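Per the UniProt record's numbering, the sequence shown starts with residue 1, numbered consecutively. All C-beta atoms, glycine included, are put in the ideal place defined by N, C-alpha and C. The structure displayed is predicted, hence computed values, not measured ones. Some notes on the structure that comes next.
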Amino acid sequence: MAERACPRCRCVTFDKVCPLCKTETSSDWTGLIVVLNPDESDLAKELNISFPGRYALKVRK
Ligand SMILES: [Zn+2]
């Protein structure tokens, strides 16, 4: 089973609906990043990530 990613907040999940923002997830995504401390990560700020977790860099709907 392939992992999916949310096109809105980029959260990576196995669910068909994003657990964070309830948007329908997509199986077409690239670039996994792991955010441990969103407050201390410039990349997380750039991507508007505010919760620790695994995220995709690019998600296509
Ligand atoms: Zn989401």
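* To do: Check each candidate in Trp29, Met1, Lys16, Cys11 and name the one with the smallest Cα separation from Phe51.
  => Comparing Cα positions, the closest option is Cys11.
* Quick one: which unbroken alpha helix (DSSP H) runs of 4-plus residues sit fully inside the UniProt domain "Spt4/RpoE2 zinc finger" (3-60)? Chain order, please. => Complete alpha helix (DSSP H) runs here, min 4: 42-46.
* Asked: For Phe14 versus Glu3, is the C-beta spacing smaller than 7 angstroms?
  -> For Phe14 and Glu3, yes; Cβs fall inside 7 angstroms.
* Flag Arg8 as yes when its Cβ comes closer than 6 angstroms to any non-hydrogen atom of ligand 1, and as no otherwise. => Ligand 1 has a heavy atom closer than 6 angstroms to the beta-carbon of Arg8.
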